[in-house]
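Top line first, the protein sequences correspond to chains A and B. Sequential numbering from 692 applies to the first sequence in my numbering. Sequential numbering from 1027 applies to the second sequence in my numbering. All C-beta atoms in this analysis are idealised placements derived from N, C-alpha and C, irrespective of residue type, glycine included. This report concerns only the one structure given below.
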Amino acid sequence: MLHYLKQEAEKARKTASPVILENVSRRSVVGGLLAASGFVLAVRIPEASAREPLTPYPTGGADMPHGYGSASNPKVYVAIKPDGAVTIIAHRAEMGTGVRTSLPMVIADEMEADWSRVSIEQAVGDEPLYGNQDTDGSRSMRHYIQPMRECGAAMRQMLEQAAAAKWGIDASRARAKAHKVVQLDDAGNETGEAFGFGDLAEDAMALPVPARETLLFKTPEEFNYMRKGETKITDLHDITTGKAIYGADIRLPGMKYAVMIRPAVLGEKLKSFDGAAALKVPGVEAVHEIEGFHEAPRKFAPLGGVAVVANSTFAALQGRDALTVEWEPSADHAGYNTDAFFEEMSETSKKPGKVIRNQGDVDAAFANAKTVFSEEYRCQHLNQAAMEPLVAVARVADGKCEVWAPVQSPYGAREDLAKALELPIENVTVHVTLLGGGFGRKSKWDFMVEAALISRKIGGAPVLLQWTREDDMHHSFYHTVSVERIEMAFDDAGKVTGFRHRTVAPSIVSTFAPDSGYQFNIEYGMGFVNTPFEVPNVRCENGQAFAHTRIGWLRSVSNIPRAFAVQSAVAEAAHLIGRDHRDFLLELIGSDRILDLKALGYPDDFWHYGDPYESFPVDTARLKHVINLATEKAGWGKELPKGQGLGLAAHLSWHNYVATVVHVDVKEDGTITVPRAVTAMDCGFYVNPERIRSQVEGAAVMGMSHALWSGITFKNGAVEQSNFADFEIARMSNFPQVVDVLLVEPQPGRNAAGVGEPGLPPFAPALANGVFAATGKRLRAMPMGEKVA
Amino acid sequence: MATFTVNGESRSFDGDPGTPLLWYLRDEAGLTGTKYGCGQGLCGACTIHVDGEAVRACITTVEMADGKAVTTIEGLHPEGEHPVQKAWRELSVPQCGFCQAGQIMQAAALLAENQAPSDDEITQEMSGNLCRCGCYQRIHAAVRLAAGGV
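Quick look at the structure:
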């Protein structure tokens, strides 16, 4: 695919230049200005083709399961009714990022559709058709802007061709504009003749889809919706009126309601249960064992347990309370206590680990150092804790399975449903509802398989399986628990000559493969091996830690502990040697350069968010730029009242350069408050700046939650938290009051980065650094607590 | 048997009087705009009005609503044009949107009682409504905007 795209780029450059050389003596377009000069060759960009070929750049989208499918094909993604109503497919899941608006908007803009006449249809899980649908990894815009623009441009050109054919003129004289195709005369002026999109739909759709190399794209100046940030999300009215449909809002005739009880400790198996009392609860109709999958790796298989099926959710809940269940203990995980585990990880972090990146001679740098800095930073397990608990509706009857769910990965779910039910995949349909938040948990479809198994057990009636908040807290795929140790060696001049980073954390890979205790390249690529500091001697080591719960991913994943550790350590080290934190950070990043990964000792299998490095090279100037922007806006260096301070952190993730300054105000009783935060972001090309701002505002709130309150702890193998009373998240009583977002204007060649996650990692370390600036107290463990002692 | 109105319509329920209004509204009345978030009155996603007062439907039983008027997000305004709803759209408050019905109902109850709340009063009244996407800055601004009359 990569090769293919490069060939296409070359062809596009050769065959589709928008620049027309012409003899102005025969034409009058620039007549007045150049008339006196006689025969001149002038360059004219005719209005009808102020459009340009784009040089495609390869992304990892092609390497995702099922690649791009038919994502650039308007016959798959666009439908136009005779009345002109346009329907555009949204193939990624909407969980609050705005993607259900932003991606279809790319097609609409490129095809010159009027957004007010566009409706969005959510795709079922069908990756061979639509392209990959895993809505995570900040991939939707990053990987789909190009195919969506191609899709829209192809549709526009088909409409123009259809109109030209009707008029019997060359297609260059037909121009799509605001839901119509208008006719142009030889001089490029509108003649007044026009067809609406609806009039052309049938003819246009009968045309072959233009080859990619013949496509012309709108220039940014021509965008109607992209980059403007003026388009409201498509579900806004429904959301504000209670009509929006989330997972639990599906209603089917004869639908039952179910809840389940599952083992509290990973590896516990159902020994016996007594459902007699449950069956006496009015409304309870059935009690069934649901088989679990007990061999590691468990992947996304259900944990197993007992399901109570009733005619209402409340009856099912009461039935569950009446169950008597006995579990066989878990030999491997019943001893999991996070307090003790931290101490083990801390010990591991003090010893050499598996070397993942090595550059220069770190041992010599530390042996010859004048000063050495060494600290460890801890992060608790986290739960994604979306406001919408897990829920799925399933109907398994007549050899077919249909599931409705708030799921980030509808096709992966479909494949697993087919396997679990032993049905051919074409007999399985997965409908994607709106997601009441996802944050990575809804990439895992265990809850959907459970719902399907329950429907089958009860003979095929549709069933809504509701996870309670407690279920959600107790049976997640948790963000890992971690110790990151950062060490720096300083020479006599106060220069950092050695940088050592040891990471110790159970790996996500343990959910998918036998647990080696080591992490894998995706985790290493998230702010571990790729800290972009200009230091001659660098070593990154990974110490072993084995998983005792299901480890999954949560918005920004390993970037959370890495940014917290590295960016806290930099501030600490600056203080240690008496330097200004910002100056020291900029100095560590060093000269303006594109990183040469080989020279820096990066591992051969370095993971660059799944994308080719050449499409998203690391540019230190961009990172320094956002640091300067954020600190200037926040008034870095200004005098602040007692108890207040500014904290800075900068982190690159998903090719997005982010710097955050948090203004911390520690109240007299020690309560940490944040009157203001400033985030500067350089995400390259962007489509919907208004939704990017909302993502950054939200990341600040979530970042504060992680930094101060939220943590999942285990005791004897079981999660100790149950609900929002003990897994606390930010409330309006204490959140970042003002979040200023500075978005760097896109520049050519700076391709669209991910934006859903990158706002999150720098917030917690910026907050911790702000607390230090305000109080002199250094907090090195998340969650740090709301009050400074 | 409990008798009450929901969005102006008379209703009665002869099931378990201890049934939380949340499950009555969602599973019996088919009004799914009221969301389940925690079941313990900790998150506010299920906020509705009972006789004009904001309550958590997950911990308010059908029995407690006997003889009272229940209003859900679906009944806040027939066309969805309540000043709070308009302010919410004006400022593009929601991200995932799941908590927003509860937020809007809480804000509407606040403004019905106090037409010009101070910033602190808004904060205090809205602090029981969680938003994991983190829309608080815009929620606060939208309540202020709605108070000004949209």
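Check                                                                                                                                                                                           : Outcome
Does A/F1224 come out as helix, strand or coil in the three-state DSSP assignment?                                                                                                              : coil
Please confirm if B/P1120 has its CB atom under 7 Å from at least one CB of chain A.                                                                                                            : yes
Would you list the one or two residues that DSSP bridges to A/H1192?                                                                                                                            : A/I1177 and A/C1231
Starting from the C-beta of B/G1160, find all residues in its chain whose C-beta is less than 8 Å away, skip the five residues before and the five after it, and write them out in chain order. : Q1121
Are the segment 1338-1346 of chain A and the segment 1395-1411 of chain A touching by the rule of at least three beta carbon pairs closer than 8 Å?                                             : no
On the three-state DSSP scale, how would you describe A/F1203?                                                                                                                                  : coil
Quick one: list the residues of chain B neighbouring A/Y937, beta-carbon separation under 9 Å, in chain order.                                                                                  : T1058, K1061, C1122, G1123 and F1124
What does a CB cutoff of less than 8 Å around A/E818 pick up in its chain, not counting 5 residues either side in sequence?                                                                     : P756, H757, G760, Q824 and Y1102
Going along the segment 933-966 of chain A in order, which residues come within less than 8 Å of chain B, judged by CB to CB distance?                                                          : G933, K934, A935, I936, Y937, A939, D940, R942 and Y948
On the DSSP letters alone, give me the boundaries of the alpha helix (DSSP H) that A/V1053 sits inside.                                                                                         : V1053 to A1058
Give me the DSSP bridge partner(s) of A/Q1335.                                                                                                                                                  : A/D1356
Can you pull out the residues from the segment 1215-1249 of chain A whose beta carbon lies closer than 8 Å to at least one beta carbon of chain B?                                              : none
Applying the criterion that 16 or more other CB atoms from any shown protein chain within 10 Å of the CB defines a buried residue, is B/A1028 buried or exposed?                                : buried
Name, in chain order, the residues that DSSP records as bridge partners for A/S1170.                                                                                                            : The question names Ser, but residue 1170 of chain A in the sequence shown is His. Looking at the DSSP assignment, A/H1170 forms a beta bridge with A/L1073.
Does the Cβ-Cβ distance between B/C1125 and B/C1157 come in under 7 Å?                                                                                                                          : yes
Looking at the structure shown, is A/M1473 part of a helix, part of a strand, or coil, going by DSSP?                                                                                           : strand
From B/L1047 to A/A1085, what distance separates their C-alpha atoms?                                                                                                                           : 25 Å
List, in chain order, every chain A residue whose beta-carbon is nearer than 8 Å to that of B/C1064.                                                                                            : R1160, N1414 and F1415
Closest by CA to A/E1278, which one among A/N1319, A/A770 and A/L1245?                                                                                                                          : A/N1319
For A/I1251, tell me which candidate among A/M1473, A/G1026, A/R953 and A/W858 has the shortest Cα-Cα distance.                                                                                 : A/M1473
Quick check on the DSSP output: the alpha helix (DSSP H) that includes A/L1155 runs from which residue to which?                                                                                : Element bounds for A/L1155: not the alpha helix (DSSP H) but the beta strand (DSSP E), V1154 to Q1157.
Taking the straight line between their C-alpha atoms, what separation do you get for A/G1461 and A/V1446?                                                                                       : 24 Å
Beta-carbon separation of A/E803 and A/K868 under 7 Å?                                                                                                                                          : yes
Quick one: residues in its chain with C-beta nearer than 6 Å to the C-beta of A/D1302, no 5 flanking neighbours on either side, listed in chain order?                                          : T750 and G751
When you compare the CB positions of A/F1138 and A/L1081, do they come within less than 7 Å of one another, or not?                                                                             : yes
So the candidates are A/K1289, A/L794, A/V1355 and A/E982; which of them puts its Cα closest to the Cα of A/E1477?                                                                              : A/V1355
Would you decide whether A/A1022 is buried or exposed? Buried here means 16 or more other CB atoms lie within 10 Å of its CB.                                                                   : exposed
What's the C-alpha gap between B/G1034 and A/C1374?                                                                                                                                             : 50 Å
Kindly indicate which residue of A/P1427, A/P1449 and A/N1442 has the alpha-carbon position closest to the one of B/R1164.                                                                      : A/P1427
For B/R1158, would you say it is in contact with chain A, using Cβ-to-Cβ distances shorter than 7 Å as the test?                                                                                : yes
State the DSSP-derived secondary structure class of A/D754, mapped to helix, strand or coil.                                                                                                    : helix
Using CA coordinates, which residue listed in A/A1457, A/G775, A/E1448 and A/S1065 is at the minimum distance from A/G1519?                                                                     : As shown, chain A starts at 692 and ends at 1480. That puts residue 1519 of chain A outside it, with no answer to give.
Can you list the residues of chain B that A/H1397 reaches, using a CB-CB cut of under 7 Å?                                                                                                      : Those do not exist, as A/H1397 stays about 11 Å from chain B at its closest Cβ, beyond 7 Å.
Threshold first: 4 residues or longer. Then list the alpha helix (DSSP H) segments lying entirely within the segment 947-1012 of chain A, N to C.                                               : 967-971 and 1004-1012
Exposed or buried, which one is A/A992 when buried takes at least 16 other CB atoms within 10 Å?                                                                                                : buried
Is the segment 919-936 of chain A touching the segment 1110-1118 of chain B, taking contact as three or more C-beta pairs under 8 Å?                                                            : yes
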